[in-house]
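So the sequence shown is residues 671 to 1032, counted in my numbering. The beta-carbon is built from N, C-alpha and C at its ideal position, and this holds for glycine as well. All remarks here apply to the structure that follows.
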Amino acid sequence: MRKVFLMSILLSVLFGACHRTSQKNAATVVDVTTMQKSELFMILPDDCPTPDGMAIAPNGDLILACPNFADLSKPACLMQITKEGKISKWMDVPVLPETGWAAPMGITFDDEGNLFICDNQGWSGAEKAKNKGRILCLKLDGYKLKEVIEVASGMEHPNGIRFRNGKLYVTQSSLSSIQDPSGLLVSGVYCFDKNDKNIKITNTREDKNLITTVITKNKDVQYGLDGIVFDKEGYLYVGNFGDGTIHRITMDGNSNVTSNEIWAQDPSQLRTTDGMCIDDDGNIWVADFSENAVARIDKDGHIQRIAQSPDCDGSDGGLDQPGEPIVWNGQVIVSCFDIVTGPDKVNTGHDKPFTLAKLQLN
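Below is the structure:
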């Protein structure tokens, strides 16, 4: 009974409040004949009905986070994929005792091989999970778990995470406690030291770890900062999901933000910005969640849609609601989230198989 109740709450969030939409925001129609056709990289096991964030382990394996919002009866887990293409479950993510589940979305490794996880409890939509999001540190010896440390707790919507120079940078896609005079959604970026422990987050401007905020101006898609990536020069790039914009953030040596500006925007090529990654040439790859598409942004901020799929089940390699790309072994691997629907979404429902797609870098 509890699972049925949780799923009903989840569906109400997924199909309503989490990504508010309207018919006037219907998916754009583009010429796909000039674009790359995505291919199937892997069909995932039943443990992974909702694949999301990815990171590369120190030994080169690909690690996949599965929050499993599509089936709350399945424990949220981390999957290990070897260079030879073998996939296996690495571990179930430690649950929050108050809710009984975990929700790993963005993940990243630090310079010592420890894994940090955005446990986005609030994405479940359950009232008891409200403002219960965590940043977890899994202290590791290779693949052996030695200790679980709670870096921060009380977060409303932790989503994307990156490690750089001893610090963690985390997007919070919603900061509803911060009321802007416009009435529009505020979201932001938090910064933690990798050795921080037990930081209590209030999701207000009183949080010393909150380093910058943005407003999502698209009234029909009130969902904020999501994807996050650094370039080699140290610029921080974050995607404002609802506005389809990429912000470039500059910081001083103490992680104080000195500028935060819209760096790239082109609705004809990129409408929503979910997970992001960067290749060796400095191109940023972005999952366009609502359009079933992936775009690439060059170092000058020019956006080009690289691939797009119609509504599909992903079995032929289609982009079945792409959540996050990652450059791995000379290809771009894309997780297919495949659960959210709405008037502006190409995706119309969750279905098997559960997949990862792939694109060529060039």
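According to the DSSP assignment, M775 belongs to the beta strand (DSSP E) that extends over 774–779. For K759, the secondary structure class from DSSP, reduced to helix, strand or coil, is strand.
In this structure, the beta-carbon distance from C1006 to Q991 falls below 8 Å. Runs of beta strand (DSSP E) with 3 or more residues, each lying fully within the region 952–1006, are found at 954–958, 963–967, 973–978, 992–998, 1001–1006, listed in chain order.
The C-beta of P828 has 16 or more other C-beta atoms within 10 Å across all chains shown, which makes the residue buried.
For N1017 and A957, the gap between their C-alpha atoms comes out near 14 Å.
Excluding residues up to 5 positions away in sequence, D983 lie with their Cβ nearer than 6 Å to the Cβ of D1021 in the same chain. Under DSSP, C788 takes part in a beta bridge, and its partners are I805. The residues V884, T886, G894, L895, H917, T943, in chain order, have a CB closer than 7 Å to that of N910 in the same chain once the five nearest residues on each side in sequence are set aside. Non-local beta-carbon contacts of E817 in its own chain, meaning distances under 7 Å to residues more than five positions away in sequence, involve K809 in chain order. As for any beta strand (DSSP E) of minimum length 3 sitting wholly inside the region 852–907, the runs are 855–863, 880–886, 895–900, ordered along the chain.
If you look at H917, you'll find it in the beta strand (DSSP E) that goes 915–921. One Cα belongs to M724, the other to V765, and the distance between them is close to 19 Å. Around the Cβ of K802, a 10 Å sphere holds 16 or more other Cβ atoms; the residue is buried.
Check the Cα spacing between A799 and each of G923, N790, L806: the tightest is with N790. For the options Y813, V899, Q974, the alpha carbon positioned closest to that of P937 is the one of Q974. Residue environment analysis places K1015 among the buried positions, since at least 16 neighbouring C-beta atoms fall within 10 angstroms of its C-beta.
Its chain contains A725, F786, I831, R832, F833 as the residues whose beta carbon lies nearer than 7 Å to that of T778, once the 5 sequence neighbours on both sides are disregarded; these appear in chain order. The region 918–930 and the region 946–961 do not touch, with fewer than 3 CB-CB distances between them shorter than 8 Å. Distance from the Cα of S843 is smallest, within the candidate group P851, D850, Y860, P719, for Y860. Residue pairing for P745: DSSP places it in no beta bridge. Spatial neighbours of L854 in its own chain (CB-CB distance under 8 Å, excluding positions within 5 residues in sequence) are listed in chain order as I885, T886, K887, K889, Q892. Contact between G987 and A1027 holds: their C-beta atoms lie close to 5 Å from each other, under 8 Å. Note that the C-beta distance between G945 and E994 is below 8 Å. I919 and T882 do touch by the CB rule: their CB atoms are close to 6 Å apart, below 8 Å.
Looking at the backbone, the Cα of P851 and that of I733 are separated by about 41 Å.
Between G836 and K864, the C-beta gap is smaller than 8 Å, which places the two residues in contact. Judged by DSSP in its simplified three-state form, A796 adopts coil rather than helix or strand. Each residue's CA atom was taken as its position, placing L845 and A977 some 32 Å apart.
Taking every protein chain shown into account, the CB of P767 has fewer than 16 other CB atoms within 10 angstroms, so this residue is exposed. The beta-bridge partner set that DSSP reports for D1014 is empty.
Around the beta-carbon of S708, 16 or more other beta-carbon atoms lie within 10 Å, marking it buried. Rounded to whole angstroms, the separation of the alpha carbons of V1002 and N953 is 12 Å. Put simply, of G792, D780, I819 the residue whose alpha carbon is nearest the alpha carbon of G812 is D780.
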